[in-house]
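Residue numbers (numbering that gives the first Met the number 0): 0 to 954.
Some notes on the structure that comes next.
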Amino acid sequence: MESGTTLPGITPRNSSATLTTETTPSKRSHVNSQPPRQDIQTPSSAWRSRADAWEFLGYAFKQLAKGGQGMQSLSGLQDQAVQALRLLQAMELYWAGPGLAALAPLLNCMDSGDYDAGLGMIRGMAHLMPSAGPGPVGPRPASPGPVSPDRVGQEPGQSGAERSISGVPEDGRERRPARERPRFDVLFVDDMTEQEAEALKAELLAQRRPSDAFTYELIVVPSYEDALVALVLNPAIQACILRPGFSIASSQPLGRDLRKYLAGLVGTDLAGMPPLGRFLSLAEQISELRPELDVYLVAGVAMESLAGSLTKRFRRIFRRQDNLDLHLSLLSGVAERYRTPFFTALQEYSRRPASVFHALPISRGGSVGNSPWIRDMADFYGMNLLLAETSATSGGLDSLLDPHGSIKEAQDLAARAFGSQKTFFVTNGTSTANKIVHQSILAPGDVVLVDRNCHKSHHYAFVLAGARVSYLDAYPLDKFAFYGAVPLATIKARLLAYRRAGRLDEVKLITLTNCTFDGIVYDVERVMEECLAIKPDLVFLWDEAWFAFARSHPVFRRRTAMAAARKLEASFSDPGYAARHAEQAASLHDPVTGAPADDELWLKTRLIPDPAKARLRVYATQSTHKTLTSLRQGSMIHVFDQDFSEHNQESFREAYMTHTSTSPNYQILASLDIGRRQVELEGFGLVQKQADLATIVAQAVARHPLLKKYFRVLTSRDLIAAPYRETGSAMPLRDGLAALADAWLHDEFVVDPSRLTLDISRTGIDGDTFRHRYLADKHGIQVNKTSRNTVLFMTNIGTSRSAVAYLIEVLVKLAESFEEERPARKTADEGLAAGLTGTTPPLPDFSSFADRYRRDPLSPDGDIRAAYFESYKDGSTTYLSAGDLKARVAEGEEVVSAGFVTPYPPGFPILVPGQVITSQALEFMEALDTREVHGFDPLRGFRIFTDKAGEEAQH
Numbered sequence: 000m001e002s003g004t005t006l007p008g009i010t011p012r013n014s015s016a017t018l019t020t021e022t023t024p025s026k027r028s029h030v031n032s033q034p035p036r037q038d039i040q041t042p043s044s045a046w047r048s049r050a051d052a053w054e055f056l057g058y059a060f061k062q063l064a065k066g067g068q069g070m071q072s073l074s075g076l077q078d079q080a081v082q083a084l085r086l087l088q089a090m091e092l093y094w095a096g097p098g099l100a101a102l103a104p105l106l107n108c109m110d111s112g113d114y115d116a117g118l119g120m121i122r123g124m125a126h127l128m129p130s131a132g133p134g135p136v137g138p139r140p141a142s143p144g145p146v147s148p149d150r151v152g153q154e155p156g157q158s159g160a161e162r163s164i165s166g167v168p169e170d171g172r173e174r175r176p177a178r179e180r181p182r183f184d185v186l187f188v189d190d191m192t193e194q195e196a197e198a199l200k201a202e203l204l205a206q207r208r209p210s211d212a213f214t215y216e217l218i219v220v221p222s223y224e225d226a227l228v229a230l231v232l233n234p235a236i237q238a239c240i241l242r243p244g245f246s247i248a249s250s251q252p253l254g255r256d257l258r259k260y261l262a263g264l265v266g267t268d269l270a271g272m273p274p275l276g277r278f279l280s281l282a283e284q285i286s287e288l289r290p291e292l293d294v295y296l297v298a299g300v301a302m303e304s305l306a307g308s309l310t311k312r313f314r315r316i317f318r319r320q321d322n323l324d325l326h327l328s329l330l331s332g333v334a335e336r337y338r339t340p341f342f343t344a345l346q347e348y349s350r351r352p353a354s355v356f357h358a359l360p361i362s363r364g365g366s367v368g369n370s371p372w373i374r375d376m377a378d379f380y381g382m383n384l385l386l387a388e389t390s391a392t393s394g395g396l397d398s399l400l401d402p403h404g405s406i407k408e409a410q411d412l413a414a415r416a417f418g419s420q421k422t423f424f425v426t427n428g429t430s431t432a433n434k435i436v437h438q439s440i441l442a443p444g445d446v447v448l449v450d451r452n453c454h455k456s457h458h459y460a461f462v463l464a465g466a467r468v469s470y471l472d473a474y475p476l477d478k479f480a481f482y483g484a485v486p487l488a489t490i491k492a493r494l495l496a497y498r499r500a501g502r503l504d505e506v507k508l509i510t511l512t513n514c515t516f517d518g519i520v521y522d523v524e525r526v527m528e529e530c531l532a533i534k535p536d537l538v539f540l541w542d543e544a545w546f547a548f549a550r551s552h553p554v555f556r557r558r559t560a561m562a563a564a565r566k567l568e569a570s571f572s573d574p575g576y577a578a579r580h581a582e583q584a585a586s587l588h589d590p591v592t593g594a595p596a597d598d599e600l601w602l603k604t605r606l607i608p609d610p611a612k613a614r615l616r617v618y619a620t621q622s623t624h625k626t627l628t629s630l631r632q633g634s635m636i637h638v639f640d641q642d643f644s645e646h647n648q649e650s651f652r653e654a655y656m657t658h659t660s661t662s663p664n665y666q667i668l669a670s671l672d673i674g675r676r677q678v679e680l681e682g683f684g685l686v687q688k689q690a691d692l693a694t695i696v697a698q699a700v701a702r703h704p705l706l707k708k709y710f711r712v713l714t715s716r717d718l719i720a721a722p723y724r725e726t727g728s729a730m731p732l733r734d735g736l737a738a739l740a741d742a743w744l745h746d747e748f749v750v751d752p753s754r755l756t757l758d759i760s761r762t763g764i765d766g767d768t769f770r771h772r773y774l775a776d777k778h779g780i781q782v783n784k785t786s787r788n789t790v791l792f793m794t795n796i797g798t799s800r801s802a803v804a805y806l807i808e809v810l811v812k813l814a815e816s817f818e819e820e821r822p823a824r825k826t827a828d829e830g831l832a833a834g835l836t837g838t839t840p841p842l843p844d845f846s847s848f849a850d851r852y853r854r855d856p857l858s859p860d861g862d863i864r865a866a867y868f869e870s871y872k873d874g875s876t877t878y879l880s881a882g883d884l885k886a887r888v889a890e891g892e893e894v895v896s897a898g899f900v901t902p903y904p905p906g907f908p909i910l911v912p913g914q915v916i917t918s919q920a921l922e923f924m925e926a927l928d929t930r931e932v933h934g935f936d937p938l939r940g941f942r943i944f945t946d947k948a949g950e951e952a953q954h
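Below, the structure written as structure tokens:
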């Protein structure tokens, strides 16, 4: 993290006060209103520092205008206000409002001592001020003055087509005044003078009408680098307009972190490119950073010759004079993302009068509204919920099981938003989504490779599908009593073992959890690439239950299943990629026989698949409700399968029918539609904030003298062993955006920065007690997961700065209470703390299936379905207490589990049906501090197979 002077209440990450000298100015350098010779540098994340700086300026002008304080105090406040203005001077170019032009008058007021005038300016710009979050400023006027409500609606001569393209409903319903409309920023990239920029803004903004559904303002930046900086800093930008005259380098005082991040995006060959090459390059970079944005090209000459070759990169191409069409396109582009087909259809349905002679007495509040006994349900939930509760699939609604209307449109929009070929909504959680995918792909006898620590829904899906399960072990974090992820070397070794045994054709699917419950993230592209080099038709299911948000951030996105699949598809079409494969294949096969070289060489080599043979068959299941906006159990299945139509379409439909209710919850479906809209319009800013807020907590714990005495946030060095990390940063986001991007590009595993695993072992309190008694019961703080000596905190897109401040405050209060109680409980605490920080039972690896469920004694996979249903037979199972079971295992007896034993959370099984029980598993169970353990009866113990069951199975 860069160091430097900060203002009271302003602690921007990477906002350095290092002094720099400006580079060669562009045409618009004077727009800075004669900036000081030395400037504070532009940070790589500005939402928090910018909001704080504007808020502080309002406070400072107000206090200075009051006067009455000592001269020294006023002088210090004035210095701090100037510092805030200097910080804003390094950032405000990239926002439409208040904007860079607002700073010079404020600085003049500060220099002249006219604090009343400065305060008046601040108050006059209140509607332009940034909020506490990173998103759009909020509604603001579409013209210099507010629009009168009686002017809102259709203008004379405005056609229905114009209304539709500008976001106005065909029925001509009145729109909200401009101050209440959603607003966004438009980035215009061209090197021009201040006068030219103002004229351009006036020309384009003159096209706005009171009937427009949205309002926008323009940001004009002169260079390629400034355009990228604006996109990184300002999440309110929803569209970009490029004109070929822009320069390359920024004249802004960009911070070291931002400069380093840009170096990874801006090629060294740009200076020698013709204008066409530059704006194509910039358009591609915009798509990489913010793929949801609309990009337009304004060309001066020969635009007809450009149109055919640029349609993939630009939404539309315009002449300079086409201001009205450009304006309408800006609005229609945002309106397309704003559309929520099913949510809108449900709203409209609920507004129409109807009589119900079908199911659902609760529909339209029929059984509730006039009841003297349950009227409080309507009071609590509101009538809109009841009006929208219906089993109808007509009248603008649709059938989830056979969508052709509004649900199909909503799913198509979700596919666009998440980068998939197809997306399917699921209304009963990712547990069901996982079962759908597994059943659609796996047939009885197919082998599936799976992380043993995946969610229990996968294990039950294997039982239903009849697959033979080959469990992969993740690397253990014994000190903290949870697992990491499965190393790529382990996956490759298992695939190579099947190839060596002549059984590779039986392997159908690999299932991995990305990210894991504790935030460990795979390099998805590399895993798929190297696996396909061994088995070109391998199908991938990535359980992204906790990773749906990642699509919205340019660094996180590359490790999502859909983004990695698209990247590999592009690589496979590159002739150079095929040449690299051919060269590598020659070194991995015997030149005479063509037989593969030793497995050891394959393990050491970063494998390149044959693009002519490899098939990208990739599925991702996401709990939208966990990390994005959706009602509980709202989930999605994203598909990128090149063979879907040929190999999986029918089986997927049948599996979807099998597991999907014929009475899906319309409120959940509508919330998925709304959640998709939010992803496309404000996802980037919300996810940026989510990660930054987690970093604030981590820094507070590390710096506060009392907090660091009792707590420690685990870093990448704690959670990821050195062999899996090429980069050295312990907390990459804390070190800056460039460090984050570097780690996520190169390391085999990274840690989701919005997840904080807090080591509490020095408190002397176990994780379960800390979670319930100290956090939930005393302070109302909810967390999802604990281990024996850790508590997992997660920020999400709904986390606020005040919530983070409250968490820090609670941790300080708890630390203070521990400090006060320390003398009285010193002896007991030391013993417990020693137990929590000392050696804990090692995490159990998967032992093996009993021989009767394996093909042969060397086979790693087992028939989990046979074991599961074996327990249905009378007399096949019995219960053993933990003590008796431990004794029998210690004597060398093979005891086989008859069911799943699953601590919850995190929800993965310690034992599965047919698994040989080991002393290692029993020791771990004994040390567990989780209250809820599915499949274990505290009174009767473990359910195991009897000897009789084993004898019958063998015969």
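All residues carry an ideal CB built from backbone N, CA and C; glycine is no exception.
All values reported here derive from a predicted model rather than from experimental measurement.
Handout entry: Stretch pair the stretch 563–575 + the stretch 526–538: three plus CB contacts closer than 8 Å
Key = yes
Practice task
With a 10 Å radius around its C-beta and 16 neighbouring C-beta atoms as the bar for buried, classify ASP751 as buried or exposed.
Solution key: Counted from its first residue, the sequence shown places residue 751 at position 752. It is buried - the Cβ of ASP751 has at least 16 other Cβ atoms within 10 Å.
Problem - Sufficient close CB pairs (3 or more, under 8 Å) joining the stretch 447–463 to the stretch 472–485 - result: yes
Handout entry: Whole-Å CB distance - ALA466 paired with ASP445, under 8 Å assumed
Key = In the sequence shown, counting from the first residue as 1, residue 466 sits at position 467. In the sequence shown, counting from the first residue as 1, residue 445 sits at position 446. Contact flag correct, Cβ pair sits at about 5 Å.
Exercise for the section: Can you say whether ILE943 is buried or exposed, counting buried as having 16 or more other CB atoms within 10 angstroms of its CB? Expected result: Translated into the one-based positions of the sequence shown, residue 943 becomes position 944. It counts as buried.
Practice task
Could you check which residue in ALA226, GLU193 and PHE710 has the C-alpha nearest to that of PHE187?
Solution key: In the sequence shown, the residue the question calls residue 187 occupies position 188. That would be ALA226, whose Cα lies nearest to the Cα of PHE187.
Handout entry: Alpha-carbon to alpha-carbon, ARG676 and LEU327
Key = If you number the sequence shown from 1, residue 327 lands on position 328. If you number the sequence shown from 1, residue 676 lands on position 677. Straight-line Cα distance between these residues: approximately 20 Å.
Practice task
Identify, in the order they occur along the chain, each residue of the same chain with its Cβ nearer than 7 Å to the Cβ of LYS259, setting aside the five sequence neighbours on each side.
Solution key: If you number the sequence shown from 1, residue 259 lands on position 260. Correct list, in chain order: ALA737.
Exercise for the section: Count the other C-beta atoms from every protein chain shown that fall within 10 angstroms of the C-beta of LYS1024, then say buried if there are 16 or more, exposed otherwise. Expected result: With the chain running from 0 to 954 in the structure shown, residue 1024 is simply not present.
Problem - Proximity to THR543 [Cα-Cα], best of ARG498, GLN621 and SER280 - result: Translated into the one-based positions of the sequence shown, residue 543 becomes position 544. Checking the sequence shown, residue 543 turns out to be Glu, not Thr. Of ARG498, GLN621 and SER280, the residue nearest in Cα terms is GLN621.
Exercise for the section: Could you have a look at PHE941 and say whether DSSP puts it in helix, strand or coil? Expected result: On the sequence shown, position 942 is the one that residue 941 refers to. If DSSP states are grouped into helix, strand and coil, PHE941 belongs with the strands.
Handout entry: Residue closest to LEU508, alpha-carbon to alpha-carbon, out of ILE440, ARG550 and LEU630
Key = For the purposes of this step, residue 508 is identified with residue 509 of the sequence shown, where counting begins at 1. Per the Cα distances, ILE440.
Practice task
Could you give the DSSP three-state label for TYR709: helix, strand or coil?
Solution key: Taking the first residue of the sequence shown as position 1, residue 709 is located at position 710. Here TYR709 sits in helix by DSSP.
Exercise for the section: Confirm, please, whether the CB-CB distance from THR794 to LEU692 is below 7 Å. Expected result: As a working note, residue 692 is residue 693 in the sequence shown. As a working note, residue 794 is residue 795 in the sequence shown. Contact flag set, yes.
Handout entry: For PRO937 and THR945, the rounded distance between their alpha carbons
Key = Within the sequence shown, numbered from 1, the residue matching residue 945 stands at position 946. Within the sequence shown, numbered from 1, the residue matching residue 937 stands at position 938. Their backbone Cα atoms lie some 20 Å apart in a straight line.
Practice task
State the start and end residues of the unbroken beta strand (DSSP E) segment that holds LYS311.
Solution key: As a position in the sequence shown, residue 311 is number 312, starting the count at 1. Element bounds for LYS311: n/a, residue is neither H nor E.
Exercise for the section: List the whole-angstrom C-beta distance separating LEU118 from PHE60, where the pair is believed to meet the contact cut-off of C-beta under 8 Å. Expected result: On the sequence shown, position 119 is the one that residue 118 refers to. On the sequence shown, position 61 is the one that residue 60 refers to. So it is a contact: roughly 4 Å between Cβ atoms.
Exercise for the section: Using only alpha-carbon positions, find the residue among VAL425, GLY593 and ALA577 that is nearest to LEU400. Expected result: For the purposes of this step, residue 400 is identified with residue 401 of the sequence shown, where counting begins at 1. For LEU400, the nearest C-alpha among the options comes from VAL425.
Exercise for the section: Use the C-beta contact count for MET730: other C-beta atoms within 10 angstroms, 16 or more gives buried, fewer gives exposed. Expected result: In the sequence shown, residue 730 corresponds to position 731, counting from 1. So MET730 ends up on the buried side.
Exercise for the section: Answer yes or no: does any C-beta atom of chain B fall closer than 7 Å to that of THR214? Expected result: Of the protein chains in the structure, only one exists, and it is not chain B.
Practice task
Quick one: grab the DSSP three-state call for ARG172.
Solution key: On the sequence shown, residue 172 is found 173 positions in, with the first residue counted as 1. Its pLDDT being 42, under 50, ARG172 is placed unreliably by the model, and nothing is read from it.
Exercise for the section: Report the option in TRP541, ASP844 and LEU330 whose CA atom is closest to the CA atom of ARG208. Expected result: Residue numbering aside, residue 208 sits at position 209 when the sequence shown is read from its first letter. Ranking TRP541, ASP844 and LEU330 by Cα distance to ARG208 puts LEU330 first.
Practice task
Determine the burial state of ARG939: buried for a count of at least 16 other Cβ atoms within 10 Å of its Cβ, exposed for fewer.
Solution key: Working through the sequence shown from its first residue, we reach residue 939 at position 940. By the 10 Å Cβ count, ARG939 comes out exposed.
Exercise for the section: Mind checking who GLU216 pairs with in its DSSP beta bridge? Expected result: As a first step, residue 216 must be located in the sequence shown, where it is residue number 217. Note: GLU216 sits in a beta bridge opposite ASP184.
Handout entry: Straight-line gap, ALA141 to LEU385 (C-alpha atoms, nearest Å)
Key = Residue 141 sits at position 142 when you count from the first residue of the sequence shown. Residue 385 sits at position 386 when you count from the first residue of the sequence shown. Below a pLDDT of 50, predicted positions are generally treated as unreliable, and ALA141, at 37, falls in that range; the measurement from the model is reported next regardless. Each residue's alpha carbon lies about 37 Å from the other.
Practice task
Would you please state the rounded distance, in angstroms, between the beta carbons of PHE245 and PRO273? I believe it to be under 8 Å.
Solution key: What you label residue 245 is simply residue 246 of the sequence shown in a count that begins at 1. What you label residue 273 is simply residue 274 of the sequence shown in a count that begins at 1. Not confirmed; about 13 Å, so no contact.
Problem - Option in ALA701, ALA742 and LYS708 with minimal Cα separation from ALA721 - result: Sequence index remark: in the sequence shown, residue 721 carries index 722 (1-based). Measuring from the Cα of ALA721, the nearest candidate turns out to be ALA742.
Handout entry: ALA414 versus ASP855: straight-line alpha-carbon distance, rounded
Key = Mapped onto the sequence shown, residue 414 falls at position 415. Mapped onto the sequence shown, residue 855 falls at position 856. Cα to Cα, the separation comes out at about 43 Å.
Practice task
Could you check what DSSP says for PRO402 in three-state terms: helix, strand or coil?
Solution key: Within the sequence shown, the letter at position 403 stands for residue 402. Coil at PRO402, not helix or strand.
Practice task
Pull up the DSSP beta-bridge partners for ASP293, would you.
Solution key: Position 294 of the sequence shown, counted from the start, is the residue given in the question as residue 293. ASP293 pairs with ALA238.
Practice task
Could you say which of ARG800, ILE796, GLU808 and SER753 lies nearest to LEU774 if we only look at CA atoms?
Solution key: Along the sequence shown, one-based indexing puts residue 774 at 775. For LEU774, the nearest C-alpha among the options comes from GLU808.
Problem - Validate contact between the stretch 709–719 and the stretch 653–664 using beta carbons, cut 8 Å, 3 pairs - result: no
Problem - Distance CB(ASP955)-CB(GLY735) smaller than 7 Å - result: Past the edges of the chain, shown from 0 to 954, lies residue 955, and the structure says nothing about it.
Problem - SER634, enclosing beta strand (DSSP E) - first and last residue - result: As a first step, residue 634 is located in the sequence shown; it is residue number 635 there, counting from the start. It spans 634–640 - the beta strand (DSSP E) in which SER634 sits, taken as one unbroken run.
Exercise for the section: Let me know if ARG180 comes out buried or exposed under the rule of 16 or more other beta-carbons within 10 Å of its beta-carbon. Expected result: Counting from 1 along the sequence shown, the entry for residue 180 is found at position 181. So ARG180 counts as buried.
Exercise for the section: Would you tell me roughly how many angstroms separate the C-alpha atoms of PHE941 and ALA881, rounded to the nearest one? Expected result: Translated into positions along the sequence shown, residue 941 becomes position 942. Translated into positions along the sequence shown, residue 881 becomes position 882. If I take the Cα positions, the gap works out to 7 Å.
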